[in-house]
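>
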Amino acid sequence: MKKILLLFTIAVLSFMSCDYVVAPNQVGTVTVPLSDTVRKIFIEDFTGHTCPNCPTAARMLDSLGNAYPTQIIGMGVHIDYYAEPCPPHQLPSGATPGTFSEDFRVAAEDADYDLVFGSNSFGLPTGLVNRYGFPTSFPTAVTAWPSTVATILAQPMTAYIKIIPSYNTSSRNLSVNVTGNFMVDTTGTYNIALYLVESEIIGSQTDITFPAPGIDNNFEFNHVFRGCINTPGIVTGETINSGSILNNTPINYSTTNTYTVNPLFVDTHCKIIAILYKTSDYGVLQAAEVDLR
Numbered sequence: 002m003k004k005i006l007l008l009f010t011i012a013v014l015s016f017m018s019c020d021y022v023v024a025p026n027q028v029g030t031v032t033v034p035l036s037d038t039v040r041k042i043f044i045e046d047f048t049g050h051t052c053p054n055c056p057t058a059a060r061m062l063d064s065l066g067n068a069y070p071t072q073i074i075g076m077g078v079h080i081d082y083y084a085e086p087c088p089p090h091q092l093p094s095g096a097t098p099g100t101f102s103e104d105f106r107v108a109a110e111d112a113d114y115d116l117v118f119g120s121n122s123f124g125l126p127t128g129l130v131n132r133y134g135f136p137t138s139f140p141t142a143v144t145a146w147p148s149t150v151a152t153i154l155a156q157p158m159t160a161y162i163k164i165i166p167s168y169n170t171s172s173r174n175l176s177v178n179v180t181g182n183f184m185v186d187t188t189g190t191y192n193i194a195l196y197l198v199e200s201e202i203i204g205s206q207t208d209i210t211f212p213a214p215g216i217d218n219n220f221e222f223n224h225v226f227r228g229c230i231n232t233p234g235i236v237t238g239e240t241i242n243s244g245s246i247l248n249n250t251p252i253n254y255s256t257t258n259t260y261t262v263n264p265l266f267v268d269t270h271c272k273i274i275a276i277l278y279k280t281s282d283y284g285v286l287q288a289a290e291v292d293l294r
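Numbering (this note's numbering), first residue to last: 2 to 294.
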């Protein structure tokens with residue numbers, strides 16, 4: 002009798018711990034892991050350490066992350082003039098010689114960002130919020146990030162994705178698998194791009210608000226873009242589906258290249274970001290993020 006009761010209890014607990022739900026308001030039935038039923042927003046924050054207004058964008062990103070826990074995935078893309086190290090960039094007024102030596106640029110990827118999105122002509126700070134509004138209202142001013150996020154989050158999900166990394170801590174070689182499902186019938190060409198970001202980097206930053214306009218030599222740089230994992234040097238990733246796509250079509254993508262994480266990066270501070278987007282307008286259907294290790 003005790004064995005029967007124990008088996009019954011285990012069965013009940015197993016049922017209660019099930020982490021799957023049926024996604025609402027979709028044609029057909031698609032079973033989605035509970036942790037993936039939330040629409041996630043990918044925000045590319047274009048920035049530079051000699052841009053005094055750029056910390057405002059970093060704080061906005063933090064604020065949105067607090068307002069929408071687990072739903073905001075940020076990436077700081079350090080580009081062009083304001084991201085140059087000193088030297089050759091002129092040292093900001095009042096800065097101590099030897100500071101601002103950090104170089105967070107990623108040469109090939111930054112060039113591709115400019116080729117695809119014209120990022121070198123962006124006035125900093127600015128950003129892309131799920132690459133929403135391309136190409137007419139693009140990029141998105143920092144002050145408009147909250148309203149844009151709210152607009153996107155009000156829309157039903159159309160896909161979910163999950164990142165499964167395989168990382169060798171000795172060789173620092175990384176491969177990535179992305180799984181998921183389309184959740185609606187759709188057409189078009191869809192890509193997956195994988196990005197590596199690093200956080201908790203301390204360096205120098207000009208800051209118009211710290212604690213008065215000046216220089217913060219202990220600024221913490223987070224989610225710094227370190228490169229493209231599946232297509233190094235190219236920010237657009239690889240095509241996974243094209244043509245007519247039915248609801249419940251599975252997503253199963255694996256990297257074919259060997260990506261080696263730079264030994265200068267602190268791998269315990271790194272994350273992998275995946276985005277699924279439509280190539281015709283670069284609009285992001287869903288984003289995901291996971292620790293490198």
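Think of the CB as a built atom: it goes at the ideal place given N, C-alpha and C, for glycine as much as any other residue.
Pairs of beta-carbons, one from the region 38-49 and one from the region 212-219, closer than 8 Å: are there three or more?
Result no; under three Cβ-Cβ pairs closer than 8 Å.
> For the candidate residues VAL236, TYR260, ASN253, whose alpha-carbon lies nearest to that of ASP111?
Of the candidates VAL236, TYR260, ASN253, the one whose C-alpha sits nearest the C-alpha of ASP111 is VAL236.
> Starting from VAL179, follow its DSSP beta bridges and name the residues at the other end.
According to DSSP, VAL179 bridges with ILE164, TYR254.
> With C-beta atoms as the reference, is PHE135 less than 8 Å away from TYR283?
Yes, the pair counts as a contact, with Cβ atoms nearer than the cut-off.
> If you count every other CB in all the chains shown that lies within 10 Å of the CB of ASN231, and 16 or more means buried, which is it?
Its Cβ being crowded by 16 or more others within 10 Å, ASN231 is buried.
> Under the DSSP definition of a beta bridge, which residues are partnered with PHE43?
Partner(s): ILE74.
> Measure the C-alpha to C-alpha separation of ILE162 and ILE73 and round it to an integer number of angstroms.
Taking the straight line joining both Cα atoms gives about 15 Å.
> Quick check on this structure: which residue in LYS272, VAL285, CYS55 has the alpha carbon closest to the alpha carbon of ILE164?
Ranking LYS272, VAL285, CYS55 by Cα distance to ILE164 puts LYS272 first.
> If you reduce the DSSP assignment to three classes, tell me which class GLY66 lands in.
Three-state DSSP puts GLY66 in a helix.
> With which residues is ALA288 paired in a DSSP beta bridge?
In the DSSP output, where bridge partners are listed per residue, ALA288 has ILE276.
> Specify, as a first and last residue, the run of the beta strand (DSSP E) that PHE226 falls within.
225-229 is the span of the beta strand (DSSP E), which, as asked, contains PHE226.
> Excluding five sequence neighbours on each side, which residues of the same chain lie with their C-beta closer than 6 Å to the C-beta of ASN121?
These residues qualify, in order along the chain: ASP81, ASP115.
> Would you mind stating whether ILE296 and PHE183 have Cβ atoms separated by less than 8 Å?
There is no way to answer for residue 296, as the model of the chain reaches only from 2 to 294.
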